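Our numbering puts the first residue of the sequence shown at 2, with every later residue one more than the last. Glycine is no exception: its CB is placed at the ideal position from the N, C-alpha and C atoms. Treat the numbers as computed from the prediction; the structure is a model and nothing was measured. See structure below.
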Amino acid sequence: MYAQVTTARLPQETRNKLIALARIKGKTKSDIIKASVDMYYAQEEREICSFAVGERYFGRYGSGESDRATTYKERLKGKLRQKLAPGGDS
């Protein structure tokens, strides 16, 4: 397989990190960049796959209460009051 040349503009700080990492690891800058892209791709692929696995279920089983995300604190306080009230669940 023939290698393709790709140019990337890096901020000086990022370039310095790349150079330092290459020296520490005893690898070329290209090796570090290739490994970084491979790791980033694998991470994104896992996230995409995780979403795809559950996608058909998202939004399918709702509570029927459209304000649950905004009223959770009040509901939680109510449950705590019931629990702490005399004769409440302990």
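Nearest neighbour of residue i, chosen from the options [CA to CA]
{"i": "A23", "options": "I33, E14, T15", "result": "I33"}
{"i": "V38", "options": "R76, K80, K74, T7", "result": "T7"}
Cβ distance (whole Å) where residue i is taken to contact residue j below 8 Å
{"i": "I20", "j": "K30", "result": "7 Å"}
Alpha helix (DSSP H) segment containing residue i, residue limits
{"i": "K28", "result": "Premise fails: K28 is in no alpha helix (DSSP H) and is neither H nor E."}
Mind listing, in chain order, the continuous alpha helix (DSSP H) runs of no fewer than 4 residues lying wholly within the segment 16–68? 30–55
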